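Using full-length UniProt numbering, the first residue of the sequence shown is number 1, and each one after it goes up by one.
A virtual CB, placed ideally from N, CA and C, is assigned to each residue, including glycine.
Note that this is a predicted model, so its numbers are computed, not measured.
To start, the structure under review is shown below, and the notes come after it.
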Amino acid sequence: MIEKGKSLLLFLLVVLSLMQSYLLAYSKPFMEAKVKTELDYVKAEPLGKEEEVKNLIFPEQLVMHLGSDKHTVFYPNTQPYYRLILDKLQSREFKGLQRDSVNSVDWDRIGREDQGVELRFGRAIPFEMLQRVYKIDGDFLFYRDSIDRIWIYTSKQRDEVRTFFFSSDGRNVYEAQKADLTVGDVEGFVGFGQYWDPYTIYGEDIYIPEKPINRMLAMEVSFDRYTTAQMQDNLFFDPGSTRTIQDSQQGPQFYTDGKRALKIEQDGTWLSYTDPAAPTEGENELVDNLIAAVGFVNQHGGWNGQHAFVQGLSTEADSAVIRFQQYYREVPIVSGSAINFGYMQLGMRQGLVTSYTRSLVTLDNEVTSKKLQQLPGGADLRTIMKKVEATQGKIVALFPAFRPTLKEETVALSPVWAARLANGEVIIVADSGPAATAFRGANR
C-alpha cells in the first residue's frame with residue numbers, strides 16, 4: 001500500500017514538473033511596472049470627430065473664366081456648383097507632368113479669351129498632399145514641390161484641354177500631358193457660371209463682384225463647449241498629477257504637470273497648450289508636420305466642425321506652424337483681433353507638437369435666427385480695397401467670411417469680406433449690411 005502511495009506521489013510530481021516547464025517555455029512573463037509612465041496613458045474619451053488630411057485640403061475659390069473677358073467666382077458655399085466641379089476633377093487622372101517656366105504661357109490672354117476654371121488654394125500645398133486628393137502621377141524630381149493653383153482651360157488654337165499646376169515659388173508650372181478631361185467637361189463647368197454673379201479683375205489677378213452680393217445670411221448659432229476637465233484628460237498623460245497654478249472665476253486658468261502647461265481663457269472658450277521639445281537634428285518637413293498635427297488633433301480634442309489646412313508662419317528656423325481655418329456652412333470664420341475664434345494652430349518641431357491653440361466652442365448645426373445681408377461690390381468695394389492696401393499692404397486674395405461675436409448662449413456670425421495680405425495675414429476689410437443699404441469699410 002505504501003509503495004502504491006509513493007508511486008502515485010512520484011507520478012504527480014512528474015506531471016507538475018512538466019506543467020511548470022510548459023508554462024516557463026510558452027507563457028509571457030508578467031512584468032508590469034510599479035510606477036506609471038507616459039506609455040501607460042489611457043486615451044480619454046473622444047470629444048470631436050477625427051479627420052483625414054485629404055478632407056482638410058480644398059480650394060479657397062474657383063475662378064470661372066467664361067470667355068470674352070467674362071468671369072465669376074465660386075466659393076465653397078456656392079453649392080451645388082463648387083462641389084460638382086470638385087467631384088468631377090477628383091475622379092479624373094493627371095499624368096505625364098512636365099515642368100516649364102510660368103512665363104511660357106500668356107496667362108492674361110488665356111484668362112480673357114479662353115474658357116476654363118482655376119482652383120485657387122490660397123496656400124502652398126505639397127505635391128505629396130495634393131496626390132491624396134487628386135489622381136496626379138507625379139515625378140520624383142518635383143515631388144517635393146508645392147502647388148497653390150491649378151488652371152484647366154480649353155485652347156481654341158488646339159481644340160483641346162490643357163491642365164497646369166502652378167508652383168508656389170511663382171516661377172514654374174507643371175503641365176499634365178495626359179488628363180482625361182474633355183472639352184465638354186470644361187464647357188460644363190463654365191455653364192454653371194453663365195448665370196452667376198459677374199466678376200471683374202482688380203489689380204493683377206483678384207476678381208471682385210461687379211455688384212453687391214445679397215445672398216449671405218447673418219446668423220445666431222447656439223453652441224456647446226469642451227470643459228476644462230475634458231481637455232486635461234485629453235492633454236495630460238496623468239491628469240491626476242496636474243496642479244493648478246491659478247484657478248479663479250475671472251481671468252485665465254493655468255494648469256501644469258511639471259512639464260506641460262495648459263491655459264484656459266476667454267471665459268472658457270479658448271485653449272493654449274505648450275509641451276516644450278528639445279531641438280533635434282533634421283529639417284522641418286511640411287508633410288511630416290502636417291500629418292503629425294492632424295493626428296495630434298484627432299487624439300486630443302478632435303475637430304469641432306469643418307476645417308481647411310493653411311500653412312502658417314514661423315519666426316524660428318527650427319520650428320513650423322500648422323494652421324487650420326474653421327468653416328461654418330462652408331464659409332470661413334475670421335475673428336480679426338477682437339477675439340480668438342475660428343481656427344486651430346499647432347507649433348511643430350520635426351513632427352513633435354510644441355504648442356496647441358484652439359477654440360473650445362462647438363457650433364450647433366441649427367441656427368436660432370437668421371437675416372439676409374448684403375456685401376458690397378463694384379466701385380464701393382474697389383474703394384475699400386484701395387484704402388486697405390494704402391495702409392496695410394497688398395491684397396492677394398478676397399473672399400466672403402463670417403465675423404464671430406461671442407454671446408452668453410449663442411455666437412453671432414456676421415458676413416464680411418476678408419482679405420489675405422501678401423505677408424499671409426488675413427484681415428476683415430468690409431462689413432455687410434441689410435439689403436440695399438450703404439456700406440462702410442470695416443472698423444479696424
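Within this structure, are the beta carbons of residue i and residue j separated by less than 8 Å?
{"i": "ARG420", "j": "VAL396", "result": "yes"}
{"i": "MET231", "j": "VAL297", "result": "no"}
{"i": "VAL53", "j": "LEU290", "result": "yes"}
{"i": "VAL411", "j": "VAL221", "result": "yes"}
{"i": "PHE165", "j": "ILE152", "result": "no"}
{"i": "VAL310", "j": "GLY67", "result": "no"}
{"i": "VAL294", "j": "LEU56", "result": "yes"}
{"i": "PHE399", "j": "SER414", "result": "no"}
{"i": "ALA292", "j": "VAL353", "result": "yes"}
{"i": "GLY302", "j": "LEU89", "result": "no"}
{"i": "LEU372", "j": "ASN214", "result": "yes"}
{"i": "GLY433", "j": "GLN374", "result": "yes"}
{"i": "GLY268", "j": "ARG329", "result": "no"}
{"i": "VAL102", "j": "GLY203", "result": "no"}
{"i": "VAL117", "j": "PHE189", "result": "yes"}
{"i": "LYS135", "j": "ARG162", "result": "no"}
{"i": "VAL334", "j": "VAL426", "result": "yes"}
{"i": "ALA176", "j": "LEU86", "result": "no"}
Report the residue from the options whose alpha carbon sits nearest the alpha carbon of residue i.
{"i": "GLN326", "options": "PRO276, SER355, GLY67, VAL361", "result": "VAL361"}
{"i": "ASP407", "options": "MET219, LEU235, LYS263", "result": "It should be pointed out that residue 407 corresponds to Lys in this sequence rather than to Asp. Closest by alpha carbon: MET219."}
{"i": "THR227", "options": "GLY191, TYR207, TRP270, GLY193", "result": "TRP270"}
{"i": "GLU60", "options": "LYS394, ALA308, ARG349, ALA435", "result": "ALA308"}
{"i": "ASP69", "options": "TYR82, TYR75, ILE110", "result": "ILE110"}
{"i": "ILE147", "options": "ARG99, THR274, ARG329", "result": "ARG99"}
{"i": "GLN299", "options": "ALA390, GLU366, ASP233, ASP257", "result": "ASP233"}
{"i": "LYS259", "options": "PHE237, LYS386, GLY191, PRO252", "result": "PHE237"}
{"i": "VAL287", "options": "MET129, PHE58, GLN115", "result": "MET129"}
{"i": "VAL416", "options": "PHE192, ALA390, ASN304, ILE384", "result": "ILE384"}
{"i": "PRO276", "options": "LYS386, ALA390, SER355, VAL133", "result": "SER355"}
If we ignore side chains and look at the alpha-carbon of each, how far apart do residue i and residue j end up?
{"i": "GLU113", "j": "HIS65", "result": "8 Å"}
{"i": "TYR255", "j": "ALA261", "result": "6 Å"}
{"i": "VAL321", "j": "ASN340", "result": "17 Å"}
{"i": "ALA430", "j": "ARG120", "result": "22 Å"}
{"i": "GLN131", "j": "VAL173", "result": "16 Å"}
{"i": "ASP364", "j": "PRO332", "result": "16 Å"}
{"i": "LYS211", "j": "THR200", "result": "10 Å"}
{"i": "PHE94", "j": "ASP180", "result": "7 Å"}
{"i": "SER168", "j": "LEU235", "result": "35 Å"}
{"i": "LYS178", "j": "ASP145", "result": "20 Å"}
{"i": "SER319", "j": "ILE245", "result": "28 Å"}
{"i": "THR154", "j": "TYR207", "result": "20 Å"}
{"i": "GLY342", "j": "SER359", "result": "7 Å"}
{"i": "PHE324", "j": "TRP107", "result": "31 Å"}
{"i": "GLN266", "j": "GLY138", "result": "46 Å"}
{"i": "THR368", "j": "ILE125", "result": "37 Å"}
{"i": "LEU217", "j": "GLY393", "result": "29 Å"}
{"i": "LYS49", "j": "ASP159", "result": "46 Å"}
{"i": "TYR273", "j": "GLN350", "result": "18 Å"}
{"i": "ASP40", "j": "LYS263", "result": "Residue placement at ASP40 is poorly supported in this model, since its pLDDT is 36, which falls under 50; the coordinates still yield a value, given next. Looking at the two C-alpha atoms, the distance is approximately 25 Å."}
{"i": "ALA435", "j": "PRO209", "result": "16 Å"}
{"i": "TRP196", "j": "LEU62", "result": "13 Å"}
{"i": "GLU283", "j": "MET348", "result": "11 Å"}
{"i": "PRO404", "j": "TYR75", "result": "19 Å"}
{"i": "ILE428", "j": "ASP257", "result": "39 Å"}
{"i": "VAL42", "j": "GLN194", "result": "A caution first: VAL42 carries a pLDDT of 43, below 50, which makes its placement in the model unreliable, though a value can still be read off. C-alpha separation (whole angstroms): 56 Å."}
{"i": "GLU366", "j": "PHE58", "result": "24 Å"}
{"i": "PRO80", "j": "THR357", "result": "33 Å"}
{"i": "ASP205", "j": "ASN77", "result": "22 Å"}
{"i": "GLY251", "j": "ASN423", "result": "32 Å"}
{"i": "TYR82", "j": "GLN253", "result": "43 Å"}
In terms of residue numbering, what span does the beta strand (DSSP E) encompassing residue i cover?
{"i": "VAL73", "result": "70 to 74"}
{"i": "PHE94", "result": "93 to 101"}
{"i": "GLU265", "result": "261 to 265"}
{"i": "PHE254", "result": "253 to 256"}
{"i": "TRP270", "result": "270 to 274"}
{"i": "TYR199", "result": "199 to 202"}
{"i": "VAL63", "result": "61 to 67"}
Considering residue i, what are the terminal residues of the alpha helix (DSSP H) in which it resides?
{"i": "THR391", "result": "378 to 392"}
{"i": "GLU187", "result": "183 to 193"}
{"i": "LEU290", "result": "286 to 299"}
{"i": "ILE110", "result": "107 to 113"}
{"i": "ASP87", "result": "81 to 90"}
Under 8 Å between C-beta atoms, does residue i make it to chain C?
{"i": "HIS65", "result": "No chain C appears in this structure, which consists of one protein chain only."}
What ranges does the alpha helix (DSSP H) occupy inside the stretch 311 to 364, keeping only unbroken runs of at least 4 residues that lie completely in it?
Those alpha helix (DSSP H) runs which fall completely within the stretch 311 to 364 and span 4+ residues do not exist here.
Scan the stretch 204 to 245 and note each continuous alpha helix (DSSP H) run of 4 residues or more that stays entirely inside, going in chain order.
228 to 235
Segments of 3+ residues assigned as beta strand (DSSP E) that fall wholly inside the stretch 124 to 172
146 to 155, 160 to 167
In chain order, which continuous runs of the beta strand (DSSP E) of length 3 or greater are located wholly inside the stretch 394 to 443?
395 to 406, 410 to 421, 426 to 431
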